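Asker:
2 protein chains.
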Amino acid sequence: MGTVLKDVQPIGGDAPVEIRFEGARFTAISGEGISPHPGDDLIDGGGKLVAPGFINAHTHLAMVLFRGLADDVPLRVWLEEHVWPIEAKLRPEDVYWCTLLALAEGIRGGTIGFADMYFHTDEVGRAVEESGARGLLSYGIIAPEMDEKGRSEIEAASRSIGRWSGVADGRIRAAISPHTIYTCGEDVWRAAIETAEELGVPIHTHVAETRHEVVEWLEKTGEGTVPYLERIGALSVPMLAAHCVHVDGTDIGILANHGVTVAHCPKSNAKLGSGIAPVNAMRDAGIPVAIGTDGAASNNRLDMVEEMRTAWMVQRALYEEPMKPSAADAFDMAARAARPIFGLEPEGLVEGGSADLILIDREPLHVSPRHDPLATLAFASDALDVTDVLVDGRWLMRSGELRTIDAERVRFEVEGLRRRYNN
Amino acid sequence: MGTVLKDVQPIGGDAPVEIRFEGARFTAISGEGISPHPGDDLIDGGGKLVAPGFINAHTHLAMVLFRGLADDVPLRVWLEEHVWPIEAKLRPEDVYWCTLLALAEGIRGGTIGFADMYFHTDEVGRAVEESGARGLLSYGIIAPEMDEKGRSEIEAASRSIGRWSGVADGRIRAAISPHTIYTCGEDVWRAAIETAEELGVPIHTHVAETRHEVVEWLEKTGEGTVPYLERIGALSVPMLAAHCVHVDGTDIGILANHGVTVAHCPKSNAKLGSGIAPVNAMRDAGIPVAIGTDGAASNNRLDMVEEMRTAWMVQRALYEEPMKPSAADAFDMAARAARPIFGLEPEGLVEGGSADLILIDREPLHVSPRHDPLATLAFASDALDVTDVLVDGRWLMRSGELRTIDAERVRFEVEGLRRRYNN
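For the record, the sequence lines run as chains A and B.
Each number in this note's numbering corresponds to the 1-based position in the first sequence with 227 added.
Each number in this note's numbering corresponds to the 1-based position in the second sequence with 227 added.
Below is the structure:
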C-alpha cells in the first residue's frame with residue numbers, strides 16, 4: 228500500500244500535481260491526477276508547495292550545545308577557553324542528545340540530510356538512525372603526525388566508517404575527515420586518503436576557511452592550500468570541501484578539474500569574519516556548490532532556508548550583480564548540489580526516485596500575496612513554514628509535528644547539559 | 228488601571244523583571260517585583276524575552292503587492308514593464324489594503340514603527356492609524372523641475388504632512404520625501420527643504436543607493452552626491468537617508484557632521500545587487516545607523532529580525548572582522564537608532580517612557596539550549612518567535628494573534644488585487 232498526496236504545487240512548476248509513493252520510492256508524479264491503488268492513503272496537500280528537501284552539506288550537529296556560548300569573543304578565546312574544555316569532558320550520550328536536538332531543528336526546517344563531522348560518532352549515528360534523516364557521518368581526525376595518536380585517529384575513523392557506511396538501507400553513509408591541512412600532518416592525510424580509497428568513501432574536510440590560514444600556509448610551505456591538497460592526492464578521491472572562502476582562480480580550476488563538491492557556509496563565514504566565498508566564480512567554473520550551516524555555535528541556527536537566502540544575498544552584494552545567483556540557483560545549492568554525495572538522484576522529486584520531499588505553507592502573511600513558487604521559497608519563506616518532511620517514504624514531520632524525535636524530551640536533556648557544562 | 232507583566236527577561240539583563248504600564252507609559256520596571264495597583268491586569272510573561280520593538284526605518288509598505296512579481300529580471304525591466312504600469316493604475320483603497328497587509332506582517336514580527344514613503348498617503352495613514360503601529364509617513368515627490376508638476380508634488384507632500392503630522396497622540400509623524408537627487412531637480416529640492424523647515428518635519432530620502440547613480444551624478448555635475456545635498460541645504464534639516472551604500476570617507480564625514488540618520492537596507496541592497504553599505508565606518512564616525520527592509524518587492528520580507536541578522540552578517544563578512552557589529556550593535560540599529568525620529572526616548576523600556584515592547588518566545592528548538600538573551604535575539608530568534616507587541620500601551624498582538632488587523636480579510640483583499648493587477 229502506498230500514499231497519494233493530492234494538490235501540491237511543485238516549486239519549479241505552474242500547476243499543482245499529485246504524487247504517489249510506496250515504500251521508499253515515488254511511483255508516480257503527475258499533473259493529470261493519479262488513480263490511487265486499493266488501500267492507498269490519500270492526503271490532501273491543500274495547495275502547499277512541494278520540493279525536494281534541503282541538504283545541510285556541512286555541520287557539526289552536537290555543537291548545538293555551544294549555541295550562544297560566549298558569542299562575541301575572539302575565535303581563539305572561544306575555542307581555547309570555552310569550547311575545547313567542554314568538548315574534552317563530553318560523554319558519548321551527551322553527543323547523542325545534542326545531535327538529536329540539532330536534527331530536530333533541522334528537520335523542523337525541511338532538512339532531510341546532514342553531512343556531520345564530530346566525535347563519539349556511534350552516538351551521532353544512533354541519533355541520525357533514530358531520526359529517520361539522511362546522514363553523511365565522519366569522525367574528525369586531528370593529528371599532527373602518524374605516531375600513536377595519528378594511528379589511533381585513523382583507526383577511529385575507519386571503525387566509524389565500518390560501523391555506519393550503508394546503515395538503514397543506505398540512508399546513512401560515511402566519509403573520512405582529516406580536519407584541515409594544518410591540524411593533520413601530510414602522513415596523516417596520506418593515510419586518510421588511502422583509507423578513503425580502500426573503503427570507497429569520500430573525504431569531508433575544511434578548506435581555505437580563513438585568510439590567515441591560507442596566508443600562513445603559503446608563507447610556511449611556499450605552496451598554496453589547494454595545490455597542496457592536489458599534490459598529496461587528496462583530490463583523487465571524491466571530496467566534500469567545506470568553506471573554500473579564500474580560493475583564487477588557480478584553486479578554483481583545480482577544484483573544478485577534480486570534481487570537488489564545495490560546501491558553502493555563508494552565515495558561519497560571516498559570523499566568524501572569515502569572509503565571502505567566491506561562489507559565483509566557483510559555480511561558473513562548474514563546481515557543484517552545496518550549502519551548509521556549519522555548527523550551530525557559529526551560525527547560530529541550523530536553518531537551511533535562511534542559509535539559502537544568505538547565500539544568494541552575499542553573492543549579489545559582493546559582485547553587485549542583481550540576478551546571480553537566481554532563486555533557482557540558490558535552491559539548487561541548498562537542495563540539489565550535495566544529493567550525489569548522499570547517493571540520491573540529482574534532481575529529486577522524480578518517478579522512481581527516492582521518496583523524499585518537504586511541504587511548505589503558502590498561507591503566512593510573509594508569502595502573501597501568492598506568487599511564483601520558487602521565488603516564494605528562495606526569497607520569502609521561513610523555515611517554520613515547512614509543515615511536512617518525508618524521507619525514504621517515512622514521515623519525519625507531519626503538520627508541524629515531529630514524528631521521530633521527542634522534541635520536549637530532547638530539549639530537556641540538552642538544557643540539563645548546558646547547565647552541567649556551560650556554566 | 229494598569230497592567231503588570233511578570234517574569235519577562237530583558238535582552239540586556241541577567242534576571243527577569245516585572246513591568247507595569249498604565250495608559251501609554253511605563254510606570255515601573257523592576258527586578259524586585261512590583262506591587263500591582265487595585266484593578267491592575269496581571270499577565271504572566273512565562274520567562275519570555277522582552278525588548279523594545281523594532282523600527283523599520285525605510286520601507287514602501289504598499290509595495291507588498293509586488294512581492295514576487297518578476298523577481299529575477301533586470302531592475303529597469305522590473306520597474307518599467309512591471310511595477311510602474313501597475314502603480315499608475317492603483318486606486319487609493321488598493322494602497323490601504325496593501326499597506327495593512329504589510330503592517331500585519333511587520334507587527335507579526337515585532338516591528339512597532341514604520342518609516343514609509345509612497346503615494347495615496349491618506350490611505351497609508353488610515354491603515355497605520357487603524358493598525359496601532361507608529362508611522363513616519365511621507366509622500367514620495369518625483370519632479371524634475373519646479374513647473375506645474377513640481378508645484379503639485381510639493382503641494383501633495385505639504386497636504387499629507389498637514390493631515391498626518393502628530394495624529395493619534397503623536398503616534399503618527401510626517402516627513403517630506405524628495406525621492407532622490409536624480410528624480411527631483413534642485414529647485415524642487417529647495418522647495419522641499421523650505422517646506423521641511425516651515426513645517427518642522429525631517430526629510431526622508433534615498434541617498435547613494437547604487438554605484439551607477441553616484442558615478443553618473445559625479446560625471447554629469449562634477450560634484451559628489453552627498454556634497455551636493457550639503458550645498459543645497461538638504462542636510463541643515465534633520466534627515467533620514469536610506470541606503471548610503473556608495474559613500475566614501477568624505478561623504479561619511481559630512482553625514483556625521485550634520486547628524487543625518489542612515490536607514491541601512493542590507494537585504495534590498497543585496498537583492499538588487501547594489502552592494503554593501505560601509506556601516507561599520509559610518510557607525511565609527513558617529514552616524515546613527517538604523518535598519519529598514521525597503522519595500523517587500525526588493526527583499527522579499529518585512530522581517531526586522533532577519534534584516535538585523537543580515538546587517539551584522541554582511542559587515543562581518545565584508546570587513547573580515549568577527550565581532551563587529553556585535554549582537555548589541557545589531558540590536559541598537561534595528562530597534563534604537565531610529566527612535567528619536569519617531570519622537571521616542573532613545574533607549575526604550577524605561578520607567579516613564581512610552582509603553583512599547585515586544586515579547587519573544589525562548590522555547591523553540593532553534594533557540595535551545597537557553598542562552599544569553601541578546602545573543603538569542605540577534606543571532607538565533609525567528610521573527611515568528613515574537614508573540615506579543617505593545618505600542619503606546621495597546622496590545623497590537625497577544626500570543627501570536629493580531630488584535631488590530633483582520634489578517635484573513637486583508638490577505639483575501641490583497642490576493643484579489645494581485646489577480647487584478649499582477650496577471
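Glycine included, each C-beta is placed from N, C-alpha and C at the ideal position.
Treat the numbers as computed from the prediction; the structure is a model and nothing was measured.
Give me the Cβ distance between ALA469/B and HIS439/B, rounded to the nearest whole Å; I'm assuming they're in contact under 8 Å.
Answerer: Not quite, the Cβ-Cβ distance comes to about 17 Å (not below 8 Å), so this is no contact.
Asker: Please name the residue, chosen from ASP612/A, SER495/A, GLY352/A, that lies closest to ILE388/A on a Cα-to-Cα basis.
Answerer: Of the candidates ASP612/A, SER495/A, GLY352/A, the one whose C-alpha sits nearest the C-alpha of ILE388/A is GLY352/A.
Asker: Any residues in the stretch 558-588 of chain B with a beta carbon nearer than 7 Å to a beta carbon of chain A? Which ones, in chain order?
Answerer: Cβ contacts with chain A come from no residue of the stretch 558-588 of chain B.
Asker: In the stretch 522-550 of chain A, which residues sit with their C-beta less than 9 Å from some C-beta in chain B, listed in chain order?
Answerer: Within the stretch 522-550 of chain A, the qualifying residues are ALA523, ASN526, ASN527, ARG528, LEU529, ASP530, GLU533, ARG536, THR537, TRP539, MET540, VAL541, GLN542, ARG543, ALA544, LEU545, TYR546, GLU547, GLU548, PRO549, MET550.
Asker: Measuring CB to CB, does HIS309/B end up less than 8 Å from ASP530/A?
Answerer: No; because the gap between Cβ atoms is not below 8 Å, this pair is not in contact.
Asker: Indicate the three-state DSSP secondary structure (helix, strand or coil) for LYS376/B in the structure shown.
Answerer: Of the three classes helix, strand and coil, the one that applies to LYS376/B here is helix, per DSSP.
Asker: Can you tell me which of GLU357/A, GLY393/A, MET624/A, GLY575/A puts its alpha carbon nearest to the alpha carbon of GLY336/A?
Answerer: For GLY336/A, the nearest C-alpha among the options comes from MET624/A.
Asker: Taking all protein chains shown into account, decide if THR448/B is buried (16 or more other Cβ within 10 angstroms of its Cβ) or exposed.
Answerer: Looking at its Cβ environment, which holds fewer than 16 other Cβ atoms inside 10 Å, THR448/B is exposed.
Asker: Within the continuous beta strand (DSSP E) that includes ASN507/A, where are the two ends?
Answerer: Here ASN507/A belongs to no beta strand (DSSP E); instead the alpha helix (DSSP H) covers 506-511.
Asker: Out of THR348/A, THR422/A, PRO465/A, point me to the one whose CA is closest to GLY367/A's CA.
Answerer: It is THR348/A whose Cα lies nearest to the Cα of GLY367/A.
Asker: Can you confirm whether PRO465/B, when its beta carbon is compared against all beta carbons of chain A, has any partner nearer than 8 Å?
Answerer: Closer than 8 Å: no.
Asker: What residues in its chain sit with their C-beta under 8 Å from that of VAL415/B, if we drop five residues either side in the sequence?
Answerer: If we look at VAL415/B and ignore the five residues flanking it on each side, its Cβ neighbours are ILE368, ALA370, PRO371, GLU372, MET373, GLY377, GLU380, ILE381, PRO405.
Asker: Closer than 8 Å, CB to CB, is GLY500/A near chain B or not?
Answerer: It does: the Cβ of GLY500/A has a partner Cβ on chain B nearer than 8 Å.
Asker: Quick test of your reading: VAL616/A and ILE339/A, contact by CB under 8 Å. State the CB separation rounded to the nearest angstrom.
Answerer: That belief holds up - the Cβ atoms of VAL616/A and ILE339/A are roughly 6 Å apart, short of 8 Å.
Asker: If we count Cβ pairs, one from each stretch, closer than 8 Å, do we get three or more for the stretch 505-513 of chain A versus the stretch 548-566 of chain A?
Answerer: Yes, the stretch 505-513 of chain A touches the stretch 548-566 of chain A.
Asker: Which residues of the stretch 287-320 of chain A have a Cβ closer than 8 Å to any Cβ of chain B? Give them in chain order.
Answerer: Answer in chain order: VAL291, LEU292, ARG294, GLY295, LEU296, ASP298, ASP299, VAL300, PRO301, LEU302.
Asker: Within 8 Å of any Cβ in chain B, is that where the Cβ of SER595/A sits?
Answerer: At least one chain B Cβ lies under 8 Å of SER595/A.
Asker: Please compile the residues from chain A whose C-beta is within a distance smaller than 9 Å of the C-beta of ASP609/B.
Answerer: What ASP609/B touches in chain A: ARG528, ASP530, GLU533, ASP609, ALA610, LEU611.
Asker: Counting only Cβ pairs nearer than 9 Å, list the residues of chain A close to LEU328/B.
Answerer: In chain order: LEU592, SER595, PRO596.
Asker: Cβ closer than 7 Å: which chain B residues qualify as neighbours of VAL231/A?
Answerer: The premise fails here: VAL231/A is roughly 28 Å from chain B at the closest Cβ pair, so nothing lies under 7 Å.
Asker: Please confirm whether ILE514/B and ILE481/B have their CB atoms less than 8 Å apart.
Answerer: The answer is no: Cβ separation not under 8 Å.
Asker: Take VAL441/B and list the residues in its own chain whose beta-carbon comes closer than 8 Å to its own, dropping the five residues that flank it on each side.
Answerer: Answer for VAL441/B: ALA435, GLY451, THR452, HIS473, listed in chain order.
Asker: Assuming contact is defined by CB atoms lying nearer than 8 Å, are LEU276/B and LEU604/B in contact in what I supplied?
Answerer: Yes; because the gap between Cβ atoms is below 8 Å, this pair is in contact.
Asker: Closest to GLU635/B by CA distance: which of MET290/B, LEU327/B, GLU245/B, ILE568/B is it?
Answerer: The option with the nearest alpha carbon to GLU635/B is LEU327/B.
Asker: Could you check whether ALA297/A and CYS651/A sit closer than 8 Å to each other, using their CB atoms as the reference points?
Answerer: Here chain A comprises residues numbered 228 to 650, so residue 651/A is not present and cannot be evaluated.
Asker: Got a sec? Which residues, its chain only, sit under 7 Å from GLU245/B by beta carbon, not counting five neighbours each side?
Answerer: Contacts found: VAL231, LEU232, LYS233, SER257, GLY260, ILE261.
Asker: In whole angstroms, what is the alpha-carbon distance linking LEU183/B and ILE430/B?
Answerer: Nothing in the structure corresponds to residue 183/B, since chain B is present only between 228 and 650.
Asker: For LEU601/A, collect the residues of the same chain with a Cβ closer than 8 Å to its Cβ; drop the 5 residues on either side in sequence, then sort them by chain order.
Answerer: Counting only Cβ-Cβ distances below 8 Å, and skipping sequence neighbours, we find ILE238, GLY239, ALA554, ALA555, PHE558.
Asker: With the cut-off set at 8 Å, would you say ASP343/B and LEU364/B are in Cβ contact?
Answerer: Closer than 8 Å, so yes.
Asker: By the DSSP assignment, the beta strand (DSSP E) with TYR366/B in it spans what residues?
Answerer: It spans 361-368 - the beta strand (DSSP E) in which TYR366/B sits, taken as one unbroken run.
Asker: For ALA517/A, does the count of other Cβ atoms within 10 angstroms reach 16, so buried, or fall short, so exposed?
Answerer: By the neighbour-count rule (16 or more Cβ atoms within 10 Å), ALA517/A is buried.
Asker: May I ask which residues mark the beginning and end of the alpha helix (DSSP H) holding ASP414/A?
Answerer: Element bounds for ASP414/A: 413-426.
Asker: Would you mind telling me which residues of chain B sit closer than 9 Å to VAL516/A, beta carbon to beta carbon, in chain order?
Answerer: Residues of chain B passing the Cβ test: none, with the nearest at roughly 16 Å.
Asker: Compare the C-alpha of GLU533/B against each of TYR409/B, HIS485/B, VAL613/B and name the closest.
Answerer: Ranking TYR409/B, HIS485/B, VAL613/B by Cα distance to GLU533/B puts VAL613/B first.
Asker: Under 8 Å Cβ-Cβ, which residues of chain B neighbour ILE503/A?
Answerer: Per Cβ cutoff of 8 Å: ALA544, LEU545.
Asker: Below 8 Å between beta carbons: does that hold for GLY280/A and LEU584/A?
Answerer: The answer is yes: Cβ separation under 8 Å.
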